[in-house]
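Visitor:
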Amino acid sequence: MEKLIQKVFKDFYPDKPILSYTTINSGLINGTYKIDTADECYVLQKMNQVVFKNIKALLNNKVKTTCYLNANGFPTLTFIPNKDGLFYLEDDDAIWQLSTYIPSMVLDRIDSNEIASQVGNYLAKFHTALLNFPVSDLEYTIPDFHNTIKRFCDFEESVKNASPERLSEAKESIEFLESNFKNIEAVASAINTGKMPLRVVHNDTKITNMLFDENGNILCIIDFDTVMPGSILHDVGDALRTGANTSNEEEKDLSKVRFDVEIYEALMKAYVEEASFMSEEEAQNIHLSLPLILFEQACRFLGDYLNNDIYYTTTYEDQNLVRAKTQIKIMDRVQSYLKEKKQ
Ligand code: GN1
Ligand code: MG
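Residue numbers 76 to 418, in the numbering used here, belong to the letters of the sequence shown in order.
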């Protein structure tokens, strides 16, 4: 691997020797490496071409949006062109991309109301910064990425084709998703039918995609792989999905997976206060963003489990089932909470 990394990096910086490199294991899709040189550090990524079929359009989306944000003084990543002026390197069957490295910390979850408010406020500012970026300049690199209804239909297909062993292991979770679809169908369909505006959104705003300084101040959001036209509900929902879980999506001990109401309220309040651009429809539905994305993510994890783990990287047998159960547990709590709050 070392030789390959050296070779790829040389294409971007022919005269900069690599001092060392480390693998960054936080993402579930791409191969990511931190590269140290004498004067700078970089992030080198080997893009997953099974997941990202239209990789060049995806790289275009990333470069266009980050250049736009940088030009408008909104802190973000900077992608580096190679010696031919391209923002990627094609090597055999792999595609690589290089960006600046931002010294920072990553949080597994949000552990204070201050950070929750900061995240909500930041997300609204991020959306505001992209309000004037033309949505039509971006391609749908993963069609139906956050089409929750389609995700549910795909999940139902997986149920039909699953092995009897996995079906039996997943029985309770399948029943939960099938009986709760009705609760998110209306909001999912309002997004699909254009009742809420299409905006430039990040689409993967999990808390581990946000970088913080040592004092807990947010520096920027990373991982622009899925920046596409979409709904703000998905971004708000994904920040809450990961931020308002007292543990995380990998937790095997479900007693540790709890819905943190205070974090939820602080993040949501800060977002709503700052997001003055929201349409009436968005403002009326924003409280459904969390159950919506939890439902979708549970369909994706459980569907992958039933498909014998073909999408998400797994390191042990039931990992996708564990992931699905964490989403379902939080969704159950959130629904009860939202119901109580209404009464
Ligand atoms: C994937 O690769 P990563 O970890 O950034 C996935 C997201 C999921 C997330 C769950 C392209 O993101 O949609 O929410 O895992 N990205 C893709 O952890 O499918
Ligand atoms: Mg991602």
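Even glycine gets a Cβ: it sits at the ideal position worked out from N, Cα and C.
Quantities reported herein were computed from a predicted structural model and do not represent experimental measurements.
(1) Do you know how far the Cα of residue 300 is from the Cα of residue 363?
(2) Buried or exposed: where does residue 366 fall if 16 or more other Cβ atoms within 10 Å of its Cβ makes it buried?
(3) Using beta carbons (cut-off 7 Å, strictly below), is residue 413 in contact with chain D?
(4) According to DSSP, simplified to helix, strand and coil, what is residue 320?
(5) What residues come near the ligand MG, if near means a beta carbon less than 5 Å from any of its heavy atoms?
(6) State the DSSP-derived secondary structure class of residue 379, mapped to helix, strand or coil.
(7) Just reading off the alpha helix (DSSP H) that residue 347 is part of, what are its end residues?
(8) Is residue 269 a contact residue of the ligand GN1, with contact defined as CB to any heavy atom under 6 Å?
(9) Taking the beta carbon of residue 312 as the centre, do at least 16 other beta carbons fall within 10 Å, making it buried, or is it exposed?
(10) Buried or exposed: where does residue 100 fall if 16 or more other Cβ atoms within 10 Å of its Cβ makes it buried?
(11) Would you check if the stretch 315–322 and the stretch 230–237 touch, i.e. whether three or more CB-CB distances between them fall below 8 Å?
(12) What span of residues does the alpha helix (DSSP H) with residue 408 cover, start to end?
(13) Pick from 167, 127, 177 and 170: whose alpha carbon is nearest that of residue 289?
(14) Any chance you could list the beta strand (DSSP E) runs of at least 3 consecutive residues sitting entirely within the stretch 182–245, in chain order?
(15) Tell me whether residue 370 sits in a helix, a strand or coil according to DSSP, three-state version.
(16) Can you tell me which of 272, 396 and 106 puts its alpha carbon nearest to the alpha carbon of residue 360?
(17) The ligand GN1 heavy atoms versus the CB of residue 378: any closer than 6 Å?
(18) Would you call the stretch 208–223 in contact with the stretch 134–152, where contact means no fewer than 3 C-beta pairs closer than 8 Å?
(19) So what does DSSP say about residue 19, is it helix, strand or coil?
(20) Over the uninterrupted alpha helix (DSSP H) stretch that includes residue 444, give me the two end residues.
(21) Within its chain, find whatever has a CB closer than 8 Å to the CB of residue 265; leave out the 5 residues flanking it on each side and keep chain order.
(22) Just the Cα atoms here: how many angstroms apart are residue 295 and residue 189?
(23) With burial defined as no fewer than 16 other Cβ atoms inside 10 Å of the residue's Cβ, what is the status of residue 352: buried or exposed?
(24) Could you tell me the alpha carbon to alpha carbon distance between residue 269 and residue 224, rounded to whole angstroms?
(25) Run the proximity test for residue 103: is its beta-carbon closer than 6 Å to any non-hydrogen atom belonging to the ligand GN1?
(26) Give every residue of the same chain whose Cβ lies closer than 8 Å to the Cβ of residue 255, excluding the five residues on either side of it in the sequence, and list them in chain order.
(27) Compute the distance between the beta-carbons of residue 140 and residue 302, then report whether it is under 7 Å.
(28) Any contact between the stretch 243–258 and the stretch 189–208? By contact I mean 3 or more CB pairs, one from each, below 8 Å.
(29) Just to confirm my understanding: we take residue 330, look at its own chain, exclude 5 residues before and 5 after, and list those with CB closer than 7 Å. What are they?
(30) Indicate the three-state DSSP secondary structure (helix, strand or coil) for residue 112 in the structure shown.
(31) Considering only residues of the same chain and omitting the five flanking positions on each side of residue 153, which have a CB-CB separation below 7 Å?
(32) Does the beta-carbon of residue 281 have 16 or more other beta-carbons within 10 angstroms, so that it is buried, or is it exposed?
(33) According to DSSP, what are the bridge partners of residue 169?
(34) What do you get for residue 197, buried or exposed, if any count of 16 or more other CB atoms within 10 angstroms of its CB means buried?
Guide: In terms of the structure at hand:
(1) If you number the sequence shown from 1, residue 363 lands on position 288. If you number the sequence shown from 1, residue 300 lands on position 225. Their backbone Cα atoms lie some 25 Å apart in a straight line.
(2) In the sequence shown, residue 366 corresponds to position 291, counting from 1. Residue 366 counts as buried, since no fewer than 16 other beta carbons sit within 10 angstroms of its beta carbon.
(3) As a matter of chain content, chain D is missing from the structure shown, which is built from one protein chain.
(4) Locating residue 320 in the sequence shown gives position 245, where the first residue counts as 1. Residue 320: strand per DSSP, three-state reduction.
(5) This criterion selects 279, 298 and 300.
(6) For this step, residue 379 is matched to residue 304 along the sequence shown. Note: residue 379 maps to helix in three-state DSSP.
(7) Numbered from its first residue, the sequence shown carries residue 347 at position 272. That run of the alpha helix (DSSP H) goes 336–349.
(8) Reading the sequence shown from its first residue, position 194 is the one you call residue 269. For the ligand GN1, not one heavy atom lies less than 6 Å from the Cβ of residue 269.
(9) Start at 1 with the first residue of the sequence shown, and residue 312 comes out as number 237. The residue is buried, with at least 16 neighbouring Cβ atoms inside 10 Å.
(10) Sequence index remark: in the sequence shown, residue 100 carries index 25 (1-based). So residue 100 counts as exposed.
(11) No: the two stretches stay apart, fewer than three of their Cβ pairs being nearer than 8 Å.
(12) The sequence position of residue 408 within the sequence shown is 333, counting from 1. Residues 394–417.
(13) Residue mapping note: residue 289 aligns to position 214 of the sequence shown, counting from 1. Answer by Cα proximity: 177.
(14) Qualifying beta strand (DSSP E) stretches: none in this window.
(15) Counting from one through the sequence shown, the residue named residue 370 turns up at place 295. Assigned with DSSP and collapsed to three states, residue 370 falls in helix.
(16) Looking up residue 360 in the sequence shown gives position 285. Here the closest residue by C-alpha is 272.
(17) As a working note, residue 378 is residue 303 in the sequence shown. False, no ligand heavy atom lies under 6 Å from that Cβ.
(18) They touch, by the three-pair rule.
(19) Outside the displayed span of the chain (76 to 418) sits residue 19, for which this structure offers no information.
(20) Lying before the first or after the last residue shown, residue 444 is absent from the chain, which here runs from 76 to 418.
(21) Residue mapping note: residue 265 aligns to position 190 of the sequence shown, counting from 1. The answer, listed in chain order, is 271, 356 and 360.
(22) Stepping through the sequence shown from its first residue, residue 295 is reached at position 220. Stepping through the sequence shown from its first residue, residue 189 is reached at position 114. The straight-line gap from Cα to Cα measures roughly 16 Å.
(23) Reading the sequence shown from its first residue, position 277 is the one you call residue 352. It counts as exposed.
(24) Counting from one through the sequence shown, the residue named residue 269 turns up at place 194. Counting from one through the sequence shown, the residue named residue 224 turns up at place 149. The alpha-carbon atoms of residue 269 and residue 224 are separated by roughly 14 Å.
(25) One-based indexing of the sequence shown puts residue 103 at position 28. Under cutoff, so the answer is yes.
(26) Residue 255 sits at position 180 when you count from the first residue of the sequence shown. Excluding sequence positions up to five before and after residue 255, its CB lies within less than 8 Å of the CB of 370, 406 and 410, all in the same chain and listed in chain order.
(27) Residue mapping note: residue 140 aligns to position 65 of the sequence shown, counting from 1. Residue mapping note: residue 302 aligns to position 227 of the sequence shown, counting from 1. In this structure, residue 302 lies closer than 7 Å to residue 140 by Cβ.
(28) no
(29) Counting from 1 along the sequence shown, the entry for residue 330 is found at position 255. No residues qualify anywhere along the chain.
(30) Your numbering for residue 112 matches position 37 in the sequence shown. Coil, per DSSP.
(31) As a first step, residue 153 is located in the sequence shown; it is residue number 78 there, counting from the start. 141, 145, 174 and 175.
(32) Mapped onto the sequence shown, residue 281 falls at position 206. Residue 281 should be labelled buried.
(33) The sequence position of residue 169 within the sequence shown is 94, counting from 1. Looking at the DSSP assignment, residue 169 forms a beta bridge with 166.
(34) In the sequence shown, the residue the question calls residue 197 occupies position 122. Buried: at least 16 other Cβ atoms inside 10 Å.
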